[in-house]
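Following my numbering, the numbering of the sequence shown begins with 17 at its first residue and continues without gaps. Cβ atoms here follow ideal geometry from the backbone N, Cα and C, with glycine treated the same way. Scroll down for the structure; my scribbles are underneath it.
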Amino acid sequence: GRVPQGREPVLGGEQVRLEVPPVEPREWRAQALPLDVIHQDSDILIIDKPAGTVVHPGAGNPDGTLANAIIHHYPDLAVLPRAGLVHRIDKDTSGLLVVARTEHARVQLIRALERHAVSRIYLALVTGTPVAGGTVNAPIGRHPRDRLRMAVNDRGKPAVTHYRVKTRFRSHTLLQVELETGRTHQIRVHMVHAGYPLVGDLLYAGRLKIPAAASEVFAESLRQFKRQALHACSLALLHPRTGLSLQWSSPVPGDMKALLRVLEIDRKADR
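This is how it looks when you write it as structure tokens:
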């Protein structure tokens, strides 16, 4: 099979498969779920999302999402599109998100994201040891055969990811990654494209690779890490009403911290 071009004529005898995206629920209901708000004012919220939480309802996740929690704690946001959410991070990625509390703030934040005026920095633990940092400038689109995945695709949307080495381990590297654009699965796809898949990324990294001579504790720690090792650690923007420059940070969550500790022990043992 292949993805046809627009207006491509059908000659007869072809088998055509149409995939219609699922319709999101018209109304998202409030649910009494925990919400870690690290900043709030009359215009915005900054939320620290735990791994395992979906940002908003969709196919397979009708409720139990961050949006349901937002509407419970801030009922006035139910009138805003997507409960004020102007960007998202993957279910199994942890870290910071900004939420608009007014329509004016929502429009201003969307415009800021479009002109790349919002700084979003992540910590990513990858397999492999890059010599130095770099930039991946490669368009991203839907995978031609697997609709759950994205891929570097010449017909995709422009995507730019900057990364630099923060800590080198024996067989892994902790990277600081900054998004210039915000495509679906962007860091995960770009790191695979660069040859450094994220630890724990079941969708993109393929079969788990245990380093040679790894201790049993090290090997078991890798096996038990069941999500992509990706954390949105820093968010900076101009306030949508006052214009003040603001920045927030989020500490490394416990599961990633524990894995990094094991990697550090392994590195020291190898000296």
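Residue nearest to Val95 within the set Ala128, Leu51, Asp106 and Arg45 is Arg45 (criterion: CA-CA distance). Note: Ser187 is not bridge-paired with any residue in the DSSP secondary-structure output. Taking 9 Å as the cut-off, the beta carbon of Val215 is found no closer than this to the beta carbon of Gln192. DSSP places Asn84 outside any beta strand (DSSP E); the residue lies instead in the alpha helix (DSSP H), whose first and last residues are Leu82 to His89.
Where Ala140 is concerned, the enclosing beta strand (DSSP E) starts and stops at Ser135 to Thr143. With a cut-off of 8 Å on Cβ pairs, the region 137-148 is in contact with the region 242-259, counting three or more such pairs. Short of 6 Å from the beta carbon of Arg257, and not among the five residues preceding or following it, lie these beta carbons of its own chain, in chain order: Asp59. Annotation for Pro146: Val181, Thr189 and Tyr212 place their beta carbon closer than 7 Å to its own, counting only its chain and skipping 5 residues before and after. Annotation: Asn84 to Gln47 spans about 5 Å, alpha carbon to alpha carbon.
Ser266 carries a coil assignment under DSSP once its states are collapsed to helix, strand and coil.
Beta-carbon to beta-carbon, Leu262 and Leu253 are separated by about 6 Å, close enough to satisfy the 8 Å threshold. In the three-state reduction of the DSSP assignment, Arg163 falls in the coil class, being assigned neither a helical nor a strand state. When C-beta atoms of the region 55-72 are compared with those of the region 113-122, three or more pairs fall below 8 Å, so the two segments count as touching. For Ala121, the three-state secondary structure derived from DSSP is helix.
In this structure, Lys284 is the residue among Asp79, Leu218, Lys284 and Val70 with its C-alpha nearest to the C-alpha of Arg186. Taking Val168 as reference, the option from Arg277, Met207 and Leu195 with the minimal CA-CA separation is Met207. Here the alpha carbons of Leu93 and Glu43 stand approximately 12 Å from one another. Judged by beta-carbon spacing, Asp64 lies beyond the 9 Å limit of Pro73, meaning their Cβ atoms are not closer than that value. Nearest to Asp106 by C-alpha distance, out of Arg223, Ile203, Val278 and Glu196, is Ile203. With respect to the 9 Å criterion, Thr200 and Met166 are classified as neighbours on the basis of their beta carbons. In the displayed model, Val208 falls within a helix according to three-state DSSP. For Arg158, the uninterrupted beta strand (DSSP E) segment begins and ends at Ile156 to Arg158.
Beta-bridge pairing by DSSP links Gln192 to Leu139 and Arg180. In this structure, Thr183 and Val152 do not form a Cβ contact; the two beta carbons are roughly 20 Å apart against a cut-off of 8 Å. Taking C-beta separations shorter than 8 Å and ignoring five residues to either side along the sequence, the partners of His209 in its chain run Val152, Ala154 and Val168, following chain order.
Counting only residues of its own chain and dropping the five nearest sequence neighbours on each side, Leu224 has a CB closer than 8 Å to the CB of Leu238 and Arg239. Boundaries of the alpha helix (DSSP H) harbouring Gln240: Glu232 to Gln240, taken from the DSSP string. Of the residues Asp282, Lys273 and Pro267, the one whose Cα lies closest to the Cα of Ala235 is Asp282. Between the alpha carbons of Leu195 and His132 lies a distance of about 9 Å.
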